[in-house]
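Asker: For the sequence shown, this note's numbering assigns the number 238 to the initial residue and increments by one for each residue that follows.
Backbone N, C-alpha and C fix where the C-beta goes; we use that ideal spot for every residue, glycine too.
Just so you know, these numbers come straight off a predicted model, no measurement behind them.
Let me begin by handing over the structure; questions about it come next.
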Amino acid sequence: MQLFHTLRELRAFLDSRAHQRVGFVPTMGNLHAGHCQLVTLAKNHADLVVVSIFVNPLQFGANEDFGSYPRTLQADCEKLEAVGADVVFAPAVEEMYPDFDGHDLHQQMVIQPPPLADDLCGASRPGHFAGVATVVAKLFNMVKPQVAVFGKKDYQQLMVIRALVRQLNFDIQIVAGETVREPSGLAMSSRNGYLSAVEKNQAAQLQQQLLRIKQALLDGRRDYAGLCEQAGVELKQQGWQVDYVDIRRQQALTLPDAQTTDWVILVAAKLGKTRLIDNCEVSVS
Ligand code: PAF
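Below, the structure is given as structure tokens:
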């Protein structure tokens, strides 16, 4: 497995493999089994798999955890080697953002995502999806993959990326990986490392609420607001600070009506200082 920190090295290597189909998995590192599964999925679609590791300052708000986000390059490389990644691209901030002066990212050209990025996580994290769309577009230009793999755990992000590829005409197939969970049901996330042992046990409550709403939809309930409100109240009683519990149409993330047959239930909530997200797709025929 090759590790590159500069675009020049990455390009030289990829130019020497120009005949190969490139699969790409963008990450911010601190990898877990969910990321490893994305790499395995990429290997099924490509001859050569590139994984980027870059904690992207542009997608963090001023009061978020950019500074403390775990940077674990060596352990990440060991995991990626074991799962058969071919290339790790781990650029410095200056490599990714050439005109960055070390302080002010506002000099950067930024991609403005469509309105589907404005609510849910976009409402509580203004600018987050512009930061994601911008760095992913830059990485697509650097790696030039034929296929790129994203996890469904970040469902809204996945939909923003699909819109990015569609609207900016990237010739890249987007493949979605299923969420990988702890035995308790907790969705794997790099931020789970912030949870205390007690909080980690409790964190499975998020998925329990999703499954409760899923069952209600399968039972024919269509009082979406009521279902979400009940889940929010229960989570609050259990000690969560709830950002949102919402039921949307899959893909477009628009509001469902009584005729909708494909939903995604989305939740974001804080346990202590840790903000977690999760979701669950439901369909009836
Ligand atoms: O999902 C992530 O880890 C990040 O948002 C991504 C896609 C790597 C962009 O920084």
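With a CB to CB cut of under 7 Å and the five nearest residues on each side skipped, what residues in its chain are close to A367?
Answerer: V347, I348, Q349, P350.
Asker: Please look up how many angstroms separate the CB atoms of A370 and F387, rounded, as I've assumed it's under 8 Å.
Answerer: Contact doesn't hold; Cβ gap of about 12 Å is too wide.
Asker: Kindly indicate which three-state DSSP category V330 falls into: helix, strand or coil?
Answerer: V330 falls in the helix class under three-state DSSP.
Asker: Helix or strand or just coil, what does DSSP make of Y392?
Answerer: The answer is helix: DSSP assigns Y392 an H, G or I state.
Asker: Please find out if some non-hydrogen atom of ligand 1 comes closer than 7 Å to the beta-carbon of M333.
Answerer: Incorrect: M333 has no Cβ contact closer than 7 Å to ligand 1.
Asker: Which runs of the beta strand (DSSP E) fall wholly inside the stretch 294 to 330 and span at least 3 residues, in chain order?
Answerer: If we require 3 residues or more, the beta strand (DSSP E) runs fully inside the stretch 294 to 330 come out as 324 to 326.
Asker: Considering only residues of the same chain and omitting the five flanking positions on each side of A354, which have a CB-CB separation below 6 Å?
Answerer: Here the set comprises F366, V397.
Asker: Name all residues in chain order for which at least one heavy atom of ligand 1 lies closer than 6 Å to the residue's CB.
Answerer: Going by the Cβ distance cut-off, the answer is P263, T264, M265, N293, Q296, V369, V372, V373, D391, Q394.
Asker: Just to confirm the assignment, what range does the beta strand (DSSP E) spanning V479 have?
Answerer: First-last of the beta strand (DSSP E) with V479: 478 to 486.
Asker: In chain order, which continuous runs of the alpha helix (DSSP H) of length 4 or greater are located wholly inside the stretch 376 to 438?
Answerer: You should have 392 to 404.
Asker: Which of the three DSSP states is assigned to G359 in this structure?
Answerer: Here G359 sits in helix by DSSP.
Asker: Is it true that the CB of F326 sits closer than 8 Å to the CB of S361?
Answerer: Against a cut-off of 8 Å, the Cβ pair of F326 and S361 comes out as no contact.
Asker: My understanding is that L432 touches Q393, with C-beta atoms under 8 Å, so please give their C-beta distance in whole angstroms.
Answerer: About 22 Å; that fails the 8 Å criterion.
Asker: Provide the residue span of the alpha helix (DSSP H) that contains G260, from first to last.
Answerer: Taken as a continuous stretch (DSSP letters only), G260 belongs to no alpha helix (DSSP H), being part of the beta strand (DSSP E) at 259 to 264.
Asker: Expressed to the nearest angstrom, what Euclidean distance is found between the alpha-carbon atoms of L310 and L455?
Answerer: Rounded to whole angstroms, L310 to L455 spans 43 Å at the Cα level.
Asker: Are L342 and E436 touching if we call contact CB-CB under 8 Å?
Answerer: Taking 8 Å as the Cβ cut-off, L342 and E436 do not qualify as a contacting pair.
Asker: Using DSSP's beta-bridge definition, name the partner residues of L503.
Answerer: For L503, which the question treats as bridged, DSSP gives the partners D483, N516.
Asker: With a 10 Å radius around its C-beta and 16 neighbouring C-beta atoms as the bar for buried, classify Q532 as buried or exposed.
Answerer: With the chain running from 238 to 522 in the structure shown, residue 532 is simply not present.
Asker: Quick one: Cα of C517 to Cα of A440, how far?
Answerer: Distance between the alpha carbons of C517 and A440: 16 Å.
Asker: If you draw a straight line from the alpha carbon of D391 to that of E246, how long is it in whole angstroms?
Answerer: Straight-line Cα distance between these residues: approximately 30 Å.
Asker: Would you identify the three-state DSSP class for L492, choosing helix, strand or coil?
Answerer: Residue state, collapsed to three classes: coil.
Asker: When the distance is taken between beta carbons, is A468 closer than 8 Å to R203?
Answerer: The structure shown does not extend to residue 203, since the chain is modelled only from 238 to 522, so the question has no answer here.
Asker: Mapping the DSSP letters down to three states, classify F241 as helix, strand or coil.
Answerer: In the structure shown, F241 sits in a strand (DSSP, three-state: E or B).
Asker: Going straight from the alpha carbon of A299 to that of G364, what length do you get?
Answerer: Those two C-alpha atoms are separated by around 11 Å.
Asker: Take every Cβ of the stretch 414 to 428, pair it with every Cβ of the stretch 483 to 498, and state whether three or more of those distances are shorter than 8 Å.
Answerer: Result no; under three Cβ-Cβ pairs closer than 8 Å.
Asker: Just to confirm my understanding: we take D499, look at its own chain, exclude 5 residues before and 5 after, and list those with CB closer than 6 Å. What are they?
Answerer: Excluding positions up to five away in sequence, the list reads Q487, S520.
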